[in-house]
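Residue numbers (this note's numbering), protein chains in the order written: chain A, 1124 to 1570; chain B, 592 to 1171. Backbone N, C-alpha and C define an ideal beta-carbon position, used for all residues, glycine too. Quantities reported herein were computed from a predicted structural model and do not represent experimental measurements.
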Amino acid sequence: MEQKEAYAVHDLGLVFFPAFDWAISPDHPEREERLLYTRDQLMEEGLLELPGIIEYRPEIATENDLKRTHICIPSVSAVASKSHLIAAGGSIIAAKAVLEGRVKKAFALLRPPGHHAMRLVHGSRGFCTINNEAILIEYLRKNYGSHLKIAVVDTDAHHADGTQDIYYNDPDVLHISVHQDGRTLYPGTGGLNELGGPGAYGMTINIPLPPGSGDRELLFVLKNLILPILQEYQPDIVINGAGQDNHYSDPLTHMQVTAKGYAELTRLLQPDIVVLEGGYAIEGALPYVNLGIILALLGMDYSRVQEPNKERDLVITAPEVLETVKKEVDFLQEVWSKRRDINLDKVFGAEPYWRRKRFIYYDTDDIYEQQVDQIKRCELCSGYRVIHSWAQKRSARESRVAVVHLPWHVCPECRNKAEEAYDRLNPGAQLDRVYLQDVENDLFLEK
Amino acid sequence: MRYIIGIDVGGTNTNACLLQIDQAHQGQVVKMAKTPTVHENLLFSTKQVLAEISKDLPVQDWTALEIHLSTTLITNAIVEGKGDPVATIVSPGPGLCLADAGLSIPHSSVGGAIDHRGRETAPLDMDEVRNALRVADLQGAKAVAVVGKFSPRNPKHELAIEDLIKQEFPEFYPPTLGHRLSGRLNFPRRVNTSYLNAMVARLQREFIIKISETLQEKGLGLSPDPREALERPRRKVFLLKADGGTISLEKSVTRPIETILSGPAASVMGALALTEAQKACTVVLDIGGTTTDLSILVHGKPLAEKDGAEVGGYKTVVPAFFSRSIGLGGDSVVRYQAGRIRIGPERAGKAAALGGDNLTPTDAIILTDGGSFGDRRRALAVMKEFCQKIGGSPWERAEEINQAFCQQVVQTINEVFAYLNSRPVYTVSEVLAPRELKPEKLIGLGGPAAYYLPKIARLLAVPYEVLPYYEGANAIGAAASRPTAAISLRVDTALGRAMIPELDLVSSLSHPELFDRKKAEELALESVKEYAGQIGALHPGARFVVDEEEVFNMVRGFRTVGKLFSLRAQVKPEVIKVSP
């Protein structure tokens, strides 16, 4: 009976949360129905009753879980719905089960997704509001050791620009995103030259795949770039942002990956924690892709997982596509091997601060944001950060905020300077609110 | 006046009761009877107890007598692996490899595939099926089960194989078809259930005939000629099912698997029949000689197993009350191990005080509570012998045995509630308003219940109630049960299709765009009525309810193309209230 299971270590912990009562809007792809067919497939296969699987109930993420990761403007409750909090909380439950040794691996098969949510959150972009993976990473660093070496491998067809933004200058989180080339798909970013900030150069890796790439290209990147990098980096935890929209039947993308390809990827990558991201071929892909991923995580045979009518619908990828991918892989291999020797002044300039101006569009909520992001170049830590942000939502008044961010392992000098900066910045004619995010002390101030 | 005889064949005793039912459908106990269960011959015990209860029946009009029987025949056959050799033909389609699905039964796979929406994605190869059946014949199969993946969403392939069997392999006709046993999705469980159903079908047929003959002898015949019993029954004889409902004896021939685990169901029905409606979350404990069975009432309704009953290590789709059995009873073995007293799970046999040889929990109770039965000197003698090995006084040790018994029950109750509260939920509203269950009341039945219940309740700090007629309350539960039946309706307006697996129904909607929730509910209610009629569950005063409902908009390319309705409708489960 159950008491026996409570003590056994399972191969896979599953947090399945289809949020059957939540949608962005009735006709939106991110809707109630999204995981319905996946549920039907999992139920009919009797998968949840396999002895290797244990299912966990999600919990609600707390306000502090979010504030450790995001600055929600104007507040957590204004941007994140209950279902967002449950998806984030469910991801935390999955991660905890792994870290506490109750399961070998965990899969947070839940929605809504999160990988387009950046550190500052004015609203939703790319169907995402809060970043489930980043929230679980920050939870783990807070509760299981701030020196954890973490690798995120995002395999969604869209560039994981939110997760990249949060960890762009973080030397303890290696962020690898493989996606359809941004020149052909939302959000447009994720080019080869986005390689990380001055405090973490080479710790962001982007592999933009040409449209039409399939299992062969994806697995080539995995075997020749991602696995060797992970082998060298030796992370404590590998997290897979498992978007399923590289599938050949996805209505929003132009890729040719199959359910078996995803299963193969999962088997080779051996992630500790898998978090569902996008994927909107809810009938033709998700039931089979999720089945394949779960079987691969269990170390079981997935050779019989196959989409109906695959022969009819799968397009043969042109041979030139693989050639393009090989060149990208060559380039990134070189960057990775030379990342410590590169003269960062040539990349970021010789100023004491690295400043960049950015324009961010929130497509889901139709918000235009402009940012000036300034990172202190510091030899002792990754450097504190001051972000000014101006966001305009349709006819609403422009929202103007400033954020002071103190990273993990911040040095005393940067801490002093950051605290001074927070004291100096005050709400007034130019600023609506000012936020301080001090992750090490779990301290979140605003004025 | 109507009368109902209820019989429960238990692990230790077979109990019977005679209820008198008035115009308002209220029951009154007229008489109780009891006989020890003879495991090798359950029918013998049934005959014995029937003879006793039907002596001097006050019945004038013989058609006004119903017989409700809860028997362990099928459960035992499955546990002991008795029954016919079965050929199980499965059409697994793409997905999990069957070898990995935890299926322990032999099966042969054929091609063909149906997807999650019930569309045929690969055709069946009839020659392949023919070959599988020929091999089955050569290997000596006597019955056939046929199960396709997603067959509840479209039974086309299973029906085609049934037709082939009828035409070309009449010796296997009728086979058990998976989709008729459950509309719920769970292929491995459906395979198990169909296999078991086919395996015990002949046993059930023989049982029906034997019971008919027995009733004939007692002058309670099903019909004047036992050979007509199946086709033209006159007397209403029902079997109790795992979900606390009944199925008519003659209809059980096609679905014998539903009569498994009727024992725990009889206990719960007894608790429902003999008590006021329970508001608190109530634990029903049936403390017997060999086992203690635990069930739960939430808001007065029995909690059901999420996926179906488990029997003899087989997970099935058979609807069942949630129940857990602990190997702990009045006749359990008592040991002293690693400085602790441990009881069960094996049976020691009769208590020493009642003529047995070994120390049992019953002997301890007789010593400490001065039970009004048994030989106290014999109980003391075995207790003293026990103390010689481990020290302590017989009275202290007897009290320790009582405590250990109760603590083992409490531990199981706590584990069961921890499990129930960790069950996953799939909607935002359920996460926000979790239904945290905790034991708030105990109801007890079974021989030793009167002694143990107060002690267990004290440990849990909750009130308790020992049922009147607690020794035979499960027979009252069997008598107080009413028929149940359920159907699953699925309407896919994008495909323009309505499906009810239990009725073999796949029909086209004439105006899918006009189909709505109200129509879905009407169709489900009409259909469950039709189905209840087919399986003999249409009792007078039966009410029909929709108890599960799921509606999804189907969006394709930013446009709503249809709706999916999944409904479950059932004959409202009812119980005859019985006053002692």
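Taking only beta-carbon atoms, is residue 1017 of chain B less than 9 Å away from chain A? So yes, residue 1017 of chain B belongs to the interface.
Quick one: which chain B residues come within Cβ less than 8 Å of residue 1368 of chain A? Within chain B, no residue comes near residue 1368 of chain A; the closest Cβ sits about 14 Å away, beyond 8 Å.
Could you name the residues of the same chain whose beta carbon sits closer than 6 Å to that of residue 1485 of chain A, not counting the 5 residues immediately before and after it, in chain order? So the qualifying residues of the chain are 1246, 1248.
Which residues does DSSP list as the beta-bridge partners of residue 884 of chain B? Within the DSSP bridge table, the entry for residue 884 of chain B names B:877, B:916 as partners.
Comparing alpha-carbon positions, which option in B:671, B:1034, B:1159 lies nearest residue 903 of chain B? From the listed residues B:671, B:1034, B:1159, the smallest Cα separation to residue 903 of chain B is found for B:671.
Where do the ends of the beta strand (DSSP E) carrying residue 1257 of chain A lie? Counted as a single uninterrupted DSSP element, the stretch harbouring residue 1257 of chain A is not any beta strand (DSSP E) but the alpha helix (DSSP H) occupying residues 1255–1267.
Between residue 1281 of chain A and residue 1401 of chain A, which are expected to be in contact by the criterion C-beta below 8 Å, what is the C-beta distance as a whole number of angstroms? About 6 Å separates the Cβ atoms of residue 1281 of chain A and residue 1401 of chain A, confirming a contact at the 8 Å cut-off.
How long is the line joining the alpha carbons of residue 1149 of chain A and residue 1478 of chain A, rounded to whole angstroms? Residue 1478 of chain A has its alpha-carbon roughly 41 Å from the corresponding atom of residue 1149 of chain A.
In its own chain, which residues sit with a C-beta less than 7 Å from the C-beta of residue 571 of chain B, not counting the 5 before and 5 after it? Examination of residue 571 of chain B is not possible in this model, given that chain B is present from 592 through 1171 alone.
Could one say the Cβ of residue 1476 of chain A lies closer than 9 Å to chain B's Cβ atoms, at least one of them? So, not an interface residue.
Is residue 659 of chain B helix, strand or coil when you go by DSSP? Note: residue 659 of chain B maps to strand in three-state DSSP.
In chain A, what lies closer than 8 Å to residue 707 of chain B by C-beta? Within chain A, the residues near residue 707 of chain B are 1160, 1163, 1164, 1167, 1406, 1410.
Quick check on DSSP: helix, strand or coil for residue 979 of chain B? The three-state reading of DSSP puts residue 979 of chain B in helix, counting H, G and I together.
Simplified DSSP assignment, three categories, for residue 821 of chain B: Only weak support exists for where residue 821 of chain B lies, its pLDDT of 49 falling under 50; the value from the coordinates is given anyway. Coil, per DSSP.
Beta-carbon contacts of residue 944 of chain B that lie in its chain and below 7 Å, excluding the five residues immediately before and after: These residues qualify, in order along the chain: 953, 954, 957, 965, 966, 967, 969, 970.
Selection from B:711, B:759, B:738 that minimises the alpha carbon distance to residue 722 of chain B: Taking the Cα of residue 722 of chain B as reference, the smallest distance to any Cα among B:711, B:759, B:738 is reached at B:759.
Per DSSP, the bridge partner or partners of residue 622 of chain B: Residue 622 of chain B pairs with B:609.
Between residue 821 of chain B and chain A, is any beta-carbon pair separated by less than 9 Å? With a pLDDT of only 49 at residue 821 of chain B, under the threshold of 50, the placement of this residue in the model should not be trusted; the figure read from the coordinates follows. No, no contact with chain A.
How long is the line joining the alpha carbons of residue 714 of chain B and residue 747 of chain B, rounded to whole angstroms? Taking C-alpha positions only, residue 714 of chain B is separated from residue 747 of chain B by approximately 10 Å.
Taking the runs of the alpha helix (DSSP H) that are 4 residues or longer, which of them lie wholly in the stretch 1055–1079 of chain B? The DSSP assignment places complete alpha helix (DSSP H) segments of no fewer than 4 residues inside the stretch 1055–1079 of chain B at 1064–1071, in order along the chain.
Residues within the stretch 1199–1224 of chain A neighbouring chain B, beta-carbon criterion of under 7 Å: Close to chain B, meaning a Cβ-Cβ distance shorter than 7 Å, are the following residues of the stretch 1199–1224 of chain A: 1205, 1206, 1209.
Per-residue burial, residue 1473 of chain A [other beta carbons within 10 Å of its own, 16 or more giving buried]: When all chains shown are included, residue 1473 of chain A counts as exposed.
Let me know the secondary structure DSSP gives residue 805 of chain B once reduced to three states. Of the three classes helix, strand and coil, the one that applies to residue 805 of chain B here is helix, per DSSP.
When Cβ atoms are compared, which residues of the stretch 1418–1448 of chain A fall closer than 9 Å to chain B? Taking 9 Å as the Cβ-Cβ cut-off against chain B, the residues of the stretch 1418–1448 of chain A that qualify are 1418, 1421, 1423, 1424, 1425, 1426, 1427, 1428, 1429, 1430, 1431, 1432.
What's the call for residue 1264 of chain A, buried or exposed, on a 16-neighbour Cβ count within 10 Å? Buried.
Residue nearest to residue 909 of chain B in terms of C-alpha spacing, selected from B:900, B:732, B:1016: Just measuring C-alpha positions, the residue of B:900, B:732, B:1016 sitting nearest residue 909 of chain B is B:900.
Let me see if you follow: with CB-CB separation under 9 Å, is residue 688 of chain B close to chain A or not? So, interface residue.
Give the secondary structure of residue 1171 of chain B by DSSP, where H, G and I count as helix, E and B as strand, and everything else as coil. Coil.
Residue range of the alpha helix (DSSP H) that includes residue 717 of chain B: Start and end: 717–729.
Is there contact between the stretch 1323–1343 of chain A and the stretch 1454–1463 of chain A, where contact requires at least three CB pairs shorter than 8 Å? With a cut-off of 8 Å, the stretch 1454–1463 of chain A and the stretch 1323–1343 of chain A count as touching, because enough Cβ pairs lie within range.
Note the first and the last residue of the continuous alpha helix (DSSP H) segment covering residue 1207 of chain A. Here the alpha helix (DSSP H) through residue 1207 of chain A covers 1205–1222.
Here's the rule I'm using: 16 or more other beta-carbon atoms within 10 Å means buried, otherwise exposed. How should residue 1102 of chain B be labelled? Residue burial is scored here from C-beta neighbours: residue 1102 of chain B has fewer than 16 other C-beta atoms within 10 angstroms and is therefore classed as exposed.
Does any C-beta atom of chain A lie closer than 9 Å to the C-beta of residue 1158 of chain B? Answer no: the Cβ-Cβ gap between residue 1158 of chain B and chain A never drops below 9 Å.
Would you list the one or two residues that DSSP bridges to residue 1195 of chain A? In DSSP, residue 1195 of chain A forms a bridge with A:1244.
Return the first residue and the last residue of the alpha helix (DSSP H) that residue 755 of chain B is part of. Per DSSP, the continuous alpha helix (DSSP H) segment holding residue 755 of chain B begins and ends at 747–759.
Report all residues from its chain with a CB closer than 8 Å to the CB of residue 1151 of chain B; omit the five preceding and five following residues, and keep chain order. Same-chain partners within the cutoff: 1144, 1145.
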